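Okay, so here's the structure we're looking at.
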Amino acid sequence: MAKRGGFPGGGGMPGNMANLMKQAQKMQKQMEEKAKEMETKEFTATAGGGAVEVTVTGAKQMVKLKLSEEVVDPDDIEMLEDLIVAATNEAFEQVDAENAGSMEGLTGGMPNLF
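The UniProt record's numbering puts the first residue of the sequence shown at 1, with every later residue one more than the last.
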C-alpha cells in the first residue's frame with residue numbers, strides 16, 4: 001500500500017530541501033547586508049560639462065550639490081534647474097545599476113524568490 005502525502009523515502013524534510021532552505025537564508029542575509037552597505041555608499045554625477053555636480057547615497061538621498069559660478073545665471077534659472085535634474089537622475093541611475101548588479105551577483109541571475 002502506498003504512503004499518503006509527504007515526501008517519498010520517509011518523513012521529514014528531504015536533504016535537498018533542507019539544503020535549499022539554508023542557501024536561501026544565507027542569500028537573504030547577504031542581500032540584507034548588501035542593502036545596508038548600499039545605503040551609505042555615495043554616487044556622484046555631473047551635468048553641463050561639470051557645471052553641476054550632484055552626490056546621492058544608495059538610499060537615494062541627495063547629500064551634496066555643487067554649482068559652478070558660471071552656471072548661476074539669474075536670467076536663465078530654467079537651464080540651472082534642468083542641469084540639476086539631469087545630474088540627479090544620472091546619479092540615481094548609477095545607484096540602480098550598482099544595486100541590480102550586486103543583487104545579480106548574489107543570486108547568480110536566479111529569478112527573485114523574495
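The beta carbon of each residue, even a glycine, is placed where N, CA and C say it ideally should be.
Predicted model, so just to flag it, every value in this text is computed and none were measured.
Beta-carbon spacing of residue i, residue j below 8 Å
{"i": "THR46", "j": "VAL52", "result": "yes"}
{"i": "GLY58", "j": "LEU83", "result": "no"}
{"i": "LYS60", "j": "VAL85", "result": "no"}
Presumed contact (8 Å Cβ cut-off) between residue i and residue j, rounded CB distance
{"i": "ALA91", "j": "THR55", "result": "7 Å"}
{"i": "GLU42", "j": "VAL63", "result": "7 Å"}
{"i": "MET103", "j": "MET31", "result": "7 Å"}
Residue i, enclosing alpha helix (DSSP H) - first and last residue
{"i": "GLY59", "result": "Correcting the residue type first, residue 59 is Ala in the shown sequence and not Gly. First-last for ALA59: undefined, no H or E at that position."}
Residue i - containing beta strand (DSSP E), residue span
{"i": "ALA51", "result": "That residue, ALA51, is in no beta strand (DSSP E); it is neither H nor E in DSSP."}
Environment of residue i [buried if 16+ CB atoms lie within 10 Å]
{"i": "GLY50", "result": "exposed"}
{"i": "VAL40", "result": "The residue you asked about is not Val; residue 40 is Thr in the sequence shown. Its Cβ having fewer than 16 others within 10 Å, THR40 is exposed."}
{"i": "PHE114", "result": "With a pLDDT of 49 at PHE114, under the threshold of 50, the predicted position of this residue should be treated as unreliable, though the coordinate-derived value follows. Exposed is the call here."}
Residue i - partner residues in DSSP beta bridges
{"i": "LYS66", "result": "GLU53"}
{"i": "THR44", "result": "THR55"}
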